[in-house]
Ligand code: TRP
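In the numbering used here, the protein residues as written are 16 to 472.
The following block contains the structure:
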């Protein structure tokens with residue numbers, strides 16, 4: 016096992032916030048959130064999502080970071096350290112495997128965004144509208160192009176991860192977040208001033224409550240919340256393990272949750288008004304191509320649209336890369352910590368395995384028929400969708416629930432709170448946090464999981 020100095024440490028608490036925000040903000044916010052809102056029927060999904068973020072996921076984010084900072088280990092080691100001789104380390108192991116699954120499908124979508132940098136900047140997307148949807152369908156049906164783009168995305172993430180924790184992530188994220196926010200605000204303003212925008216806004220903000228109790232949708236909202244905050248697989252736990260004891264957790268968590276949630280909400284504010292200004296737009300049937308069909312149309316309405324389009328997709332690629340780096344970090348840190356491998360060798364093994372799984376994900380969007388129509392829509396439809404549904408809607412919430420039970424009843428809340436408040440750190444309401452972790456989060460997750468399993472069976 017390596018010592019903590021070999022493992023790396025953040026330069027400061029702010030560096031940790033940047034890395035955690037870099038992990039959280041990614042395709043989940045800009046691609047995943049609007050896609051899920053579209054599938055879930057609009058504003059009702061948004062409300063359930065916000066409930067999951069505040070009541071379930073934010074407390075778990077705190078729990079993960081505390082577990083990591085206390086144990087100074089990646090997930091498997093953390094559970095072995097805090098509860099020796101028990102089987103709790105399995106929770107960490109499931110997180111390690113889940114990370115590989117997420118990297119695999121994430122890299123395919125990352126590959127699409129890389130291709131779209133080129134398409135947008137070269138003007139290949141044309142005027143948007145219905146043609147943009149067809150363009151996306153044709154592109155994703157091209158097998159070798161998709162595998163190649165996936166390979167490029169995963170290779171870039173792996174190379175950055177191999178460069179080490181601090182050098183790889185801090186600098187990119189410092190420049191990325193303000194630029195991304197500024198461009199998103201600008202696009203939202205443009206989108207909201209398009210003809211027909213009001214209809215999209217109503218869809219996005221005026222809930223149809225009959226949908227709020229559809230358990231498939233509630234389950235998807237929970238999965239989306241876990242995915243967006245990078246929770247459940249131990250990514251935040253691992254990042255927490257590089258945190259100094261003197262660096263407080265409360266403020267960092269608030270900043271990460273606020274940033275991640277506002278970027279997701281902004282993405283919706285761009286996609287739906289612009290989407291509804293397209294004739295014959297149907298958010299529910301657009302699926303994973305939603306943003307790729309709507310955004311070109313939006314860029315076409317801007318002076319210098321190819322420039323904005325190119326810049327937007329470059330920023331999206333970068334945001335996706337900082338997330339993919341953190342996804343790789345869980346299995347990589349595991350291999351480095353437990354097997355004593357060098358970082359580059361560990362990255363090679365992890366990225367190689369992820370790439371093997373990403374090939375069927377890349378080919379299941381039209382290129383290979385049997386991979387493209389694999390399962391009912393509730394299970395994700397194609398190979399990529401099935402992997403994503405298993406990882407996001409089931410694996411992450413289950414491990415998240417087990418982490419709550421671990422902190423609440425095995426390691427115990429008083430020890431966690433002691434760690435949270437170490438060095439006179441600021442933390443809003445430790446009592447409330449304890450209640451959420453012991454009762455509210457695990458019970459809510461258990462009932463949502465049960466409900467969504469019954470809904471699909
Ligand atoms: N949160 C990232 C996004 O929204 C994806 C991600 C990074 C992730 N690390 C994770 C998801 C760990 C789940 C678990 O794009």
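Every residue, glycine too, gets a C-beta built ideally from N, C-alpha and C.
Which value, in whole angstroms, describes the spacing of the CA atoms of residue 93 and residue 283? Between residue 93 and residue 283, the C-alpha separation is close to 37 Å.
Inter-residue spacing [alpha-carbon to alpha-carbon] between residue 359 and residue 368: In a straight line, the C-alpha of residue 359 is about 14 Å away from that of residue 368.
DSSP state of residue 102, grouped into three classes? If DSSP states are grouped into helix, strand and coil, residue 102 belongs with coil.
Take residue 118 as the anchor and find which of 371, 460, 147 and 385 has the nearest alpha-carbon. Closest option to residue 118, Cα to Cα, is 371.
If you scan the stretch 28-68 from start to end, which runs of the alpha helix (DSSP H) of 4 or more residues do you find wholly inside it? DSSP runs (the alpha helix (DSSP H)) wholly in the stretch 28-68: 28-39, 48-54 and 58-66.
Classify residue 150 as helix, strand or coil using the three-state DSSP reduction. It is helical.
Rounded to a whole number of angstroms, what is the C-alpha to C-alpha distance between residue 113 and residue 207? If I take the Cα positions, the gap works out to 38 Å.
Does any heavy atom of the ligand TRP sit closer than 7 Å to the C-beta of residue 39? For residue 39, the shortest C-beta to heavy atom distance toward the ligand TRP is below 7 Å.
Does the pairing of the stretch 432-446 with the stretch 259-268 give three or more beta-carbon distances under 8 Å? Verdict: yes, contact present.
Is it right to say residue 185 is buried, meaning 16 or more other beta carbons lie within 10 angstroms of its own, or is it exposed? Label assigned to residue 185: buried.
Proximal residues to residue 19 (C-beta, below 7 Å), its chain only, five neighbours per side dropped: In this prediction, residue 19 has a pLDDT of 43, which is less than 50 and means its spatial position is unreliable; what the coordinates show is noted afterwards. These residues qualify, in order along the chain: 87.
Ignore the nearest five residues each way along the sequence and tell me which others in residue 219's own chain have a CB closer than 8 Å to its CB. Closer than 8 Å at the Cβ level, and outside the excluded window around residue 219, lie 52, 57, 58, 61, 283, 284, 287 and 288.
Validate contact between the stretch 450-457 and the stretch 119-132 using beta carbons, cut 8 Å, 3 pairs: Verdict: no, contact absent.
For the stretch 228-238 and the stretch 290-308, state whether three or more C-beta atom pairs, one from each stretch, are separated by less than 8 Å. Taking 8 Å as the limit for Cβ pairs, the verdict is that the stretch 290-308 does not touch the stretch 228-238.
On the premise that residue 275 lies in contact with residue 2, defined as a C-beta separation below 8 Å, what is that separation, rounded to the nearest angstrom? Nothing about residue 2 can be read from this structure; the chain reaches only from 16 to 472.
Let me make sure I understand the geometry here. Which of 269, 202, 224 and 450 has the alpha-carbon closest to that of residue 309? Per the Cα distances, 202.
Hey, quick one: how far does the alpha helix (DSSP H) through residue 306 stretch, first residue to last? 305-315 is the span of the alpha helix (DSSP H), which, as asked, contains residue 306.
Drop a sphere of 10 angstroms on the beta-carbon of residue 16, count the other beta-carbons inside from all chains shown, and report buried for 16 or more, exposed for fewer. Note that residue 16 scores 39 on pLDDT, short of 50, meaning its location in the model is unreliable; the coordinates nonetheless yield the value given after this. By the 10 Å Cβ count, residue 16 comes out exposed.
Pair within 8 Å by beta-carbon distance, residue 189 and residue 377: Annotated as distal: residue 189 and residue 377, with beta-carbon spacing of 8 Å or more.
Taking 7 Å as the cut-off, is the CB of residue 408 close to at least one heavy atom of the ligand TRP? No, the beta carbon of residue 408 sits no closer than 7 Å to any heavy atom of the ligand TRP.
Is there at least one non-hydrogen atom of the ligand TRP closer than 7 Å to the beta-carbon of residue 117? For the ligand TRP, at least one heavy atom lies less than 7 Å from the Cβ of residue 117.
Within 7 Å: the Cβ of residue 250 and any heavy atom of the ligand TRP? Yes, the beta carbon of residue 250 sits closer than 7 Å to at least one heavy atom of the ligand TRP.
The ligand TRP and residue 245: does the residue's C-beta get closer than 7 Å to at least one heavy atom of that ligand? For the ligand TRP, at least one heavy atom lies less than 7 Å from the Cβ of residue 245.
Find the nearest neighbour of residue 399 within the set 176, 125 and 209, judged by alpha-carbon distance. Measuring from the Cα of residue 399, the nearest candidate turns out to be 125.
Decide yes or no for the touch test of the stretch 324-343 against the stretch 169-178: beta carbon pairs closer than 8 Å, at least 3 of them. Taking a cut-off of 8 Å on C-beta distances, the stretch 324-343 touches the stretch 169-178, as three or more cross pairs fall below it.
Given a cut-off of 8 Å, decide if residue 467 and residue 408 are closer than it, judged by their beta-carbon atoms. Note that the C-beta distance between residue 408 and residue 467 is below 8 Å.
Could you give the C-beta distance for residue 257 and residue 24, rounded to a whole number, given that I count them as a contact under 8 Å? So it is a contact: roughly 5 Å between Cβ atoms.
Residue 5 to residue 39, Cα distance in whole Å? In the structure as shown, the chain begins at 16 and stops at 472. Residue 5 is therefore absent and cannot be evaluated.
Start and end residues, alpha helix (DSSP H) containing residue 342: Its alpha helix (DSSP H) spans residues 320-354.
Residue closest to residue 178, alpha-carbon to alpha-carbon, out of 46, 159, 314 and 347: The closest CA to that of residue 178, considering only 46, 159, 314 and 347, is found on 347.
Buried or exposed: where does residue 199 fall if 16 or more other Cβ atoms within 10 Å of its Cβ makes it buried? Buried, by the Cβ-count rule.
Give me the Cα-Cα distance between residue 140 and residue 209, rounded to the nearest whole angstrom. A straight line joining the alpha-carbon of residue 140 with that of residue 209 spans about 19 Å.
Going along the chain, which residues of its own chain have a beta-carbon closer than 6 Å to the beta-carbon of residue 362, five neighbours each way excluded? In chain order, 173, 176, 177 and 347 place their CB closer than 6 Å to the CB of residue 362, counting only its own chain and leaving out the 5 sequence neighbours on each side.
Whose CA, out of 422, 46 and 335, lies closest to the CA of residue 192? That would be 335, whose Cα lies nearest to the Cα of residue 192.
Use the C-beta contact count for residue 469: other C-beta atoms within 10 angstroms, 16 or more gives buried, fewer gives exposed. With fewer than 16 Cβ atoms within 10 Å of its Cβ, residue 469 is classed as exposed.
Could you give the distance in angstroms between the alpha-carbon of residue 35 and the alpha-carbon of residue 228? Between the alpha carbons of residue 35 and residue 228 lies a distance of about 32 Å.
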